[in-house]
Amino acid sequence: MHALELIDFKNLSETDLKKVLQLRNLESVRVNMVQQDIIDLDEHMAFCLSLKERTDKLCLCFKCDGHICGIINLSDIEHGQCDLGYYFVKKPFAGFTKACFLAMGGVAQKLGIRLFTIFVRQSNKKGLDFAKERLGAYYVKEDADYVYFTLELHEYLKTHEAWALDKINHVYTLTCNINI
1 MHALELIDFK
11 NLSETDLKKV
21 LQLRNLESVR
31 VNMVQQDIID
41 LDEHMAFCLS
51 LKERTDKLCL
61 CFKCDGHICG
71 IINLSDIEHG
81 QCDLGYYFVK
91 KPFAGFTKAC
101 FLAMGGVAQK
111 LGIRLFTIFV
121 RQSNKKGLDF
131 AKERLGAYYV
141 KEDADYVYFT
151 LELHEYLKTH
161 EAWALDKINH
171 VYTLTCNINI
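Residues 1 to 180, numbered by UniProt numbering, are exactly what the sequence shown covers, in order.
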């Protein structure tokens, strides 16, 4: 059985924050980010420190069996909606990303979030497929750089609830360390 942890950046150790930066600066991650430049340690640590005062942004780290595997961030949290960004560098078991999104969904519910906006680079075919097929996000529009989607939280949770109930405590256990 896998141990899945969902940890607020505010509760990560300095070592883990440095590991997050290392993963975020990987070319394979940066190529699909809005901000594609390499971020230096001082800038990253200042950003992480600023999260303690912010109510419009929540950054969540996913660990599986003690290893950082992915990041989900909720930004521009306001009036029951927010922008959703994510990347996963490792998927240690089948259904890992689904488990992460379901866990994040519980956090979003506590924050009163009902609607996510997602934008994916046109060149990120894997990300586009993930948003459409795996998340079930609805196409809104596109421009030269991005495709825009929305995702209704209750629809996502309703669609995947049976899967979660079947898998939790059989495939993984979940621990949350989040300040809401």
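Yeah, the Cβ is synthetic: ideal placement off N, Cα and C, and Gly gets one too.
Keep in mind it's a predicted model, so treat the numbers as computed, not measured.
(1) Can you tell me where the beta strand (DSSP E) with Val-147 in it begins and where it stops?
(2) Would you kindly work out how many angstroms separate the C-alpha atoms of Glu-78 and Ile-118, rounded to a whole number?
(3) What's the gap between the Cα of Cys-82 and the Cα of Lys-91?
(4) Which residue wins for smallest C-alpha separation from Phe-88, given the options Leu-135, Gly-70 and Gly-127?
(5) When you compare only the Cα positions, how much space is there between Ser-28 and Asn-73?
(6) Quick check: what's the CA-CA separation for Val-166 versus Leu-4?
(7) Could you compute how far the alpha carbon of Thr-150 sits from the alpha carbon of Leu-135?
Taking the definition as stated:
(1) 146-152
(2) 15 Å
(3) 25 Å
(4) Gly-70
(5) 18 Å
(6) What sits at residue 166 in the sequence shown is Asp, not Val. Roughly 16 Å between the two C-alpha positions.
(7) 10 Å
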